[in-house]
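Notes to accompany the following structure.
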Amino acid sequence: MAMERPVRLVLDASLLLNPVGAGAQEAAPVPTLRPGAEALLRRLRHSNLGVAICHTEEMPTTVSGFLEMTADLNSFGYISLPAPTGNHLLNELMLEWSRTSSCFYATSRVDEDLFSELESHNWKVIAVDSECGTKDSGVVNIGKLQELLITLATLIKKEIVSSSILMVGYAMKPSREEDFAKRGAFPIYPSENGLIFVPLSFELPLASQLLEVDIILHKMTDEIITIDPNCSISFPRGISFSAGMSEVIRFMEEYPDFCIIDPFKNISPLLDRLQIQEILVRLQELGSEGRPKLRAPHSLKAIKFNGSELQKQLAEANLSFPLIVKPQVACGVADAHNMALVFQIEEFSNLSVPLPAILQICTCELPFAMIHLQKQPGDSDV
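Numbered by mature numbering (1 follows the signal peptide of the UniProt record, and there is no 0), the letters in the sequence shown go through residues -24 to -1, 1 to 358 in order.
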């Protein structure tokens, strides 16, 4: 169930621009975005909100031109606020939005007159940075730019006043987030099935963020620092996570009934190719008459590539060449996908696949295998 009214967000120039000096030597400074602004704009680009960037008319043309270009690059609107004339501080577009939309104005500058007029037209003002304190209790004050999205999402959810709207806080590496967002998977405007998506920031205290969201969506393996291959990979033993993901794990230990996708203990077996193999073997045993049969590939765990000893182990495990050799650690570390296709026992002597390794019978067609052998550095796995 999506909102009936569109949501408009206007970003004041002060929120996006790096502060510049006023000295004579800096008469024409090159405008740049403040730290964190680029990530904010990227996320808003795919938010399904109506976003615009605004500035006052007296702003230098170099700065206004930079802001207009930034708005165009992100497919945002662009607004020039009129010079103050009496009680009229908003342009016609903003006045029209106030009649048809739920409107939010985010800024890092204090302008009591502007705030007052915005609120008189039912706009909600979010002031970023602690120095932007104001006597007006209607202004929502936050300390950092990174807090803006979760604050905005919380205000949107409160305005809907519906228990069917759920807020999903997600944590994953930026490139993965961008891929999902481009496909429309992370809207801040409520989706048709009533979901609002916001990024969890590891630069801010997580406790307050996690208490605002209803669901945690994560890519745990993006936050793995190291995995000890000599330690049994049984979550969380043997796995070292980033400080942020470690805090999420502690939160889930304290609130085990909190909804998380997916529970960590459900994912941990997928970090270990030996555990994956054991799962496949158990699934094989569940086969029933009249249904397609599932067969786990014959496999063997190797702790060293010793020719004569390994040949005996291969025979006992019913393995024949060609074999595909994979690290036991399945993901989360740099060499987890460093694999090899081996056609004879002698090739193990110069193999660079990390140990311990899983050896599996290779059942793919040979031409397909040869294509993969000819991959160039930097090519992705299929």
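Backbone N, C-alpha and C fix where the C-beta goes; we use that ideal spot for every residue, glycine too.
Residue i: buried (16+ other C-beta within 10 angstroms of its C-beta) or exposed?
i       : result
ALA(-1) : Note on ALA(-1): pLDDT 40, under 50, position unreliable in the model; the coordinate value appears next. Result: exposed.
LEU66   : buried
ILE55   : buried
TYR81   : buried
HIS31   : buried
GLN260  : exposed
ASP87   : buried
GLU199  : buried
TYR146  : buried
LYS280  : exposed
ALA219  : exposed
Check this for me: beta carbons of residue i and residue j, under 8 Å apart or not?
i      : j      : result
PRO332 : ASP311 : no
THR46  : ILE29  : yes
PHE227 : LEU180 : no
CYS79  : ASN98  : yes
SER177 : GLN122 : yes
Leaving out five residues before and five after residue i in sequence, what residues of the same chain have Cβ atoms less than 8 Å from its Cβ?
i      : result
ASP190 : LEU142, MET143, VAL144 and CYS235
GLY283 : ILE321, GLU322, PHE324 and SER325
Near residue i, what residues of its chain come up, given a Cβ to Cβ distance below 6 Å and the 5 sequence neighbours on each side ignored?
i      : result
ARG249 : LYS302, GLN304, ALA306 and ILE334
THR197 : CYS307 and GLY308
LYS149 : ASP198
LEU57  : CYS30 and THR32
ALA157 : HIS22
Would you mind giving the Cβ-Cβ distance between residue i and residue j, rounded to the nearest angstrom? I have them listed as a contact below 8 Å.
i           : j      : result
PRO268      : ILE337 : In fact, because the Cβ distance is near 20 Å, the residues do not count as touching under 8 Å.
LEU(-14)    : VAL27  : 7 Å
LEU276      : LEU290 : 7 Å
ILE215      : ILE203 : 5 Å
residue 362 : PRO245 : With the chain represented from -24 up to 358, any question about residue 362 goes unanswered, as that position is not in the structure.
LYS100      : LEU69  : Contact doesn't hold; Cβ gap of about 17 Å is too wide.
Can you list, in chain order, the residues of its chain whose CB lies under 7 Å from that of residue i, leaving out five sequence neighbours each side?
i      : result
THR127 : ILE102, VAL116 and ILE118
LEU124 : LEU16, ALA82, ILE102, VAL104 and ILE118
GLU223 : LEU182
GLU135 : SER78
Helix, strand or coil for residue i per DSSP?
i      : result
ASN242 : helix
ASP248 : strand
GLN287 : helix
GLY53  : strand
GLY41  : helix
PHE80  : strand
MET315 : coil
MET143 : strand
From the beta carbon of residue i, is the nearest beta carbon of chain C less than 8 Å away?
i      : result
GLU223 : Structure shown: chain C not included; a single protein chain is present.
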